[in-house]
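S.K.:
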Amino acid sequence: MGIPKVTLGDKLSVNVLPEGVLLKAARPSYSLADLVAQCDLSAAEPADMAEWSQMKPAGREAW
2 MGIPKVTLGD KLSVNVLPEG VLLKAARPSY SLADLVAQCD LSAAEPADMA EWSQMKPAGR
62 EAW
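Okay, so the sequence shown: first residue is 2 according to the working numbering, each after it adds one.
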């Protein structure tokens with residue numbers, strides 16, 4: 002694990018531990034709308050997913 006580069010203005014999370022203070026770069030948070038906006042809705046469905054969605058329900062997974 003390398004040492005991450007932190008620059009002026011970056012957000013950090015701070016944890017105070019018995020051994021000392023732990024600083025980590027804050028993880029970005031995404032909304033569902035942000036993630037969906039990145040999707041290519043015109044892209045073809047992957048072959049393995051198409052096959053899986055055509056399978057008949059087995060056991061108690063039927064709705």
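Glycine is no exception: its CB is placed at the ideal position from the N, C-alpha and C atoms.
Source: prediction; values computed, not measured.
Take residue 6 as the anchor and find which of 19, 25, 53 has the nearest alpha-carbon.
M.R.: For the purposes of this step, residue 6 is taken as the residue at position 5 of the sequence shown. Among 19, 25, 53, the Cα nearest to that of residue 6 is on 25.
S.K.: Could you work out which residue in 14, 10, 50 is closest to residue 22 when comparing CA atoms only?
M.R.: On the sequence shown, residue 22 is found 21 positions in, with the first residue counted as 1. If we check each option's Cα against that of residue 22, 14 comes out closest.
S.K.: Taking only three categories from DSSP, how would you classify residue 34?
M.R.: Numbered from 1 along the sequence shown, position 33 holds the residue referred to as residue 34. Note: residue 34 maps to helix in three-state DSSP.
S.K.: Do residue 34 and residue 12 count as a contact pair if the criterion is CB distance below 8 Å?
M.R.: The count along the sequence shown starts at 1 and reaches residue 12 at position 11. The count along the sequence shown starts at 1 and reaches residue 34 at position 33. No, the pair does not count as a contact, with Cβ atoms beyond the cut-off.
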